Structure formats: structure tokens, C-alpha cells
Amino acid sequence: MRWFRFFLLLAGLLVGLYALSMYYFVDDSTTFEVDSDVRYAPEKVFPQFSNLQNFAVWNEAFFGKENQSLEFYYPYAGKDASMSWQGRNGEGGEIFIRNLRRDTMISYQLYKSGDKFPYLINLRFKNAAENSTKIHWTIHTPHKPLMFRAANLFPEDEIAEGIRSSVAKLENILGNKVDREAQLETIKYDSLMIEDARAQLLVGVNVTSVNRGDALQKNLVVTHGKVQNFVTGDLRKGNDEFGYPVMITDPESYREREVSYYYGIPVSKKQNITDNNFSYRKVAQGRVYAIFYEGKFSGRSAPIRKLLERARKDSMRAGSLRTTFLQPPAEGAPLRIKLELEAAR
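The numbering of the sequence shown is the UniProt record's numbering, which starts it at 1 and goes up by one.
This is the structure:
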């Protein structure tokens with residue numbers, strides 16, 4: 001009994017010493033700053049932060065390297081965009097964009113599971129030199145109760161290292177993206193071509209949308225977000241593991257008041273899918289009439305008619321129309337697409 005009292009007294013003394021040290025030597029929250037440089041201009045860098053689907057691909061400082069699932073909520077970019085994640089170890093959280101000024105600043109609130117208060121993350125973007133951006137991170141950690149303040153002892157080193165490795169990954173992604181954009185600059189638009197299209201395996205969804213005004217374009221933006229979320233989150237595909245998104249529809253549907261289409265992203269191989277909303281679709285190799293188009297969404301009807309007229313002139317039977325989005329569909333933004341009309345005798 002005496003030994004029990006002794007150990008009880010010792011435990012109480014240790015807890016008391018711990019509480020006193022936390023009270024006097026460890027702040028309930030901390031604020032620290034990190035500077036990083038990215039070798040690309042702010043207009044290239046900023047969308048990787050303002051679009052959470054982009055942000056989650058390269059950022060390891062806050063989400064970790066392995067996440068079981070990611071879920072994004074509309075809007076996917078800009079003020080009020082949000083997402084949640086759940087890690088394999090049971091840890092998860094949510095992040096929100098609370099404020100931003102294009103190419104200049106962005107503010108996040110990040111809640112980790114178990115925390116009542118958020119991390120406040122403020123970023124400032126500055127054009128440091130030609131094709132270079134300096135990013136100043138200010139990170140305010142959440143308030144911690146007295147007995148849990150030990151978590152505030154070394155947050156700066158851990159997060160700063162995560163930021164450094166994440167920025168290095170971001171530069172690699174931007175390098176691939178800039179190379180792809182340079183290739184796009186060499187495209188000749190509005191010139192009809194006859195090509196042998198390669199086979200593709202798509203994963204995506206079947207959708208029906210109203211085809212009046214900008215309703216279809218808005219619908220495509222939402223659909224793209226869902227499919228990209230599924231590919232990057234559920235299937236865990238990186239940006240370099242899938243191709244440009246493709247919409248498949250009837251070529252005459254641009255005249256109709258309602259359009260049914262399949263929207264998918266090319267992948268290299270099948271994986272098990274548990275969500276019945278998504279399905280695989282094979283695109284066979286074959287001869288197509290093709291044309292590149294850049295301009296307003298409503299203006300795509302002219303190149304579609306051009307393809308159909310050429311098929312009729314050549315006495316070919318028109319099949320499905322494939323629209324490859326060289327840039328993801330965005331509300332109110334011009335299109336940059338490749339139209340391919342399947343044709344056979």
C-alpha cells in the first residue's frame with residue numbers, strides 16, 4: 001500500500017511538473033514564417049494554390065504523402081472552395097479558402113481531426129524575377145489545451161520541411177505543364193485533318209444535361225470536378241498518370257435541347273471501382289476526321305458542322321463525336337479543344 005501511495009505521489013508530481021513546464025515555457029499556439037521560391041511566374045504558380053484539386057496533388061506539408069480518400073466540394077477553386085481528406089492512419093481534416101487576391105495572396109483555414117481550432121495559413125506571392133515567384137508563408141497553429149501543448153514544441157521544423165519538399169514537387173509538376181503548354185502553342189486551329197486515332201481507356205460518368213445558354217458548359221465544369229476528384233482521390237492517380245479529359249456524344253446533339261454524354265479521363269489500366277456512378281469505356285483505334293478549335297463554347301457548333309459535312313461529302317457514316325479538352329472546362333472561359341468524328345463506310 002505504501003509503494004502504491006509513493007507511485008501515486010510520484011505520478012502526481014510528474015504531471016504537475018509537466019503542466020507547469022507547459023504553462024510557463026510552451027505557448028498555447030505559435031506563429032512562424034517560411035519563404036520559398038518557385039521558378040515560374042505568379043500566373044503559372046497561383047492556380048496551383050487557388051484550385052484545391054491542384055493543391056492536394058503536390059502538397060505534402062498538410063495532407064501527408066498517403067491519403068486514403070480526398071473529397072472536394074463545389075466550388076473547387078477560389079473563395080469558399082473546400083475539401084476534406086482521410087488518411088490511412090485515421091487522421092484527417094478539412095481545408096477552406098477564406099480569401100484571395102489573384103496572383104497576390106491567399107488565406108486558408110485548416111482543421112485537423114481532433115482540433116477545435118484551425119491552422120491559419122496566409123500566403124503572399126511576389127514576382128521576384130523574370131519567370132520566378134517568391135512565396136511568403138505565415139502559419140498560425142491552433143490553440144492547444146494545457147496538457148496537449150507539447151505538440152507545439154516542434155511544429156515549425158516539421159511543417160517547414162514539408163513545405164520545402166512540396167514546393168520541389170510543385171516545380172516538377174509545373175515543368176511538365178509548361179512543356180505541354182508549349183506544345184499546344186504549335187497547334188493549327190480550324191484546319192480539318194484525317195487521322196488514325198489511338199485506342200484509349202477512359203474512366204468517367206454518363207451525364208444528361210440541358211443544352212440551352214451556358215447550362216451545358218456549367219454542367220461540364222461540375223462533371224469535370226467529380227471525375228478528376230475520383231481519379232486523383234479514389235484511384236490515387238498523379239497528374240502525370242492520366243491524359244486530357246474526353247467527352248463522347250452524338251455529333252448531332254449540339255442541335256438538341258438536351259444532351260447525353262460520357263465524360264472520362266484516360267488512364268493506363270483498369271482498377272477495381274466500388275462507386276457505381278463511374279465506369280470504364282474503351283475508345284477503339286480508328287480513322288477520324290479531326291479539327292482543333294479555340295474560342296467561345298457556343299462557337300463549337302461551326303467546326304462540328306464542318307466535320308459532318310466532310311463525312312457526308314466523302315460518303316462516310318458518322319459515328320460518335322469525341323471532344324478532347326486541352327484545357328479543363330471552366331465556367332465562362334473560352335474552349336481549347338480537339339474534335340474527332342468517328343467515320344466508317
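Built from N, CA and C at the ideal position, the CB exists for glycine as well. Please read all numbers here as calculations on a predicted model, not as lab measurements.
Check                                                                                                                                                                                                   : Outcome
Check residue 187 in the structure and name its three-state DSSP category.                                                                                                                              : coil
So the candidates are 224, 272, 298 and 322; which of them puts its Cα closest to the Cα of residue 289?                                                                                                : 322
Indicate whether residue 326 and residue 261 have their beta-carbon atoms separated by less than 7 Å.                                                                                                   : no
Of the residues 47, 157, 56 and 116, which one's Cα is nearest the Cα of residue 232?                                                                                                                   : 56
Give the range of the beta strand (DSSP E) segment to which residue 95 is assigned.                                                                                                                     : 92-101
What would DSSP say about residue 139, mapped onto helix, strand or coil?                                                                                                                               : strand
Starting from the N-terminal side, write out each stretch of the alpha helix (DSSP H) that is 4 residues or longer and does not extend beyond the stretch 288-336.                                      : 301-313
Taking Cβ positions, are residue 134 and residue 126 nearer each other than 7 Å?                                                                                                                        : yes
Mapping DSSP to helix, strand and coil, what is residue 41?                                                                                                                                             : coil
State the CB to CB distance for the pair residue 284 and residue 316, rounded to an integer number of angstroms; the pair is presumed to be in contact (CB under 8 Å).                                  : 16 Å between Cβ atoms; not a contact.
Count the other CB atoms, across all protein chains shown, that sit within 10 Å of the CB of residue 83; report buried if there are 16 or more and exposed otherwise.                                   : buried
Look at the Cβ atom of residue 246, then the Cβ atom of residue 308, and state whether they are nearer than 7 Å.                                                                                        : no
Go ahead and label residue 204 buried or exposed: buried means 16 or more other beta carbons lie within 10 angstroms of its beta carbon, across all protein chains shown.                               : buried
Taking the continuous beta strand (DSSP E) assigned at residue 260, which residues delimit it?                                                                                                          : 258-267
Checking 7 Å against the spacing of the C-beta atoms, do residue 346 and residue 33 come in under that value?                                                                                           : Nothing can be reported for residue 346: it is not among the residues displayed for the chain, which extend from 1 to 345.
Over what stretch of residues does the alpha helix (DSSP H) that includes residue 421 continue unbroken?                                                                                                : Because the chain here runs from 1 to 345, residue 421 falls outside it and cannot be looked at.
Using 8 Å as the cut-off, can you tell me whether the stretch 42-53 makes contact with the stretch 211-218, which would need three or more C-beta pairs spanning the two stretches below that distance? : no
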